[in-house]
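Numbering (this note's numbering), first residue to last: 7 to 62. Ideal Cβ positions, reconstructed from N, Cα and C, are used throughout, including at glycine.
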Amino acid sequence: MEGLVDVARLSPLGLDTFAEVDRFRANEDGSNPQASLDRQCNGYWHQIAGLDIKQI
């Protein structure tokens, strides 16, 4: 999303907020993506059916 997104909002997660910020920063350039969980989908971003998951 580099060059497309100017601002991202992270919602507070209690005690895990700072760890989540660290994970977000580690993946800002896309080099350290988090694995998709079973309840998530990423098809929209990869131009496949929206509810499908592309393994990355």
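In terms of residue numbering, what span does the alpha helix (DSSP H) encompassing residue i cover?
| i | result |
| --- | --- |
| R29 | 23 to 32 |
Taking the Cβ atom as the reference point for each residue, do residue i and residue j lie within a distance shorter than 9 Å?
| i | j | result |
| --- | --- | --- |
| E26 | L10 | no |
Cα separation between residue i and residue j?
| i | j | result |
| --- | --- | --- |
| A55 | D28 | 31 Å |
| T23 | A32 | 14 Å |
| N38 | Q53 | 21 Å |
| G20 | F30 | 16 Å |
| G36 | P18 | 22 Å |
| G49 | Q40 | 15 Å |
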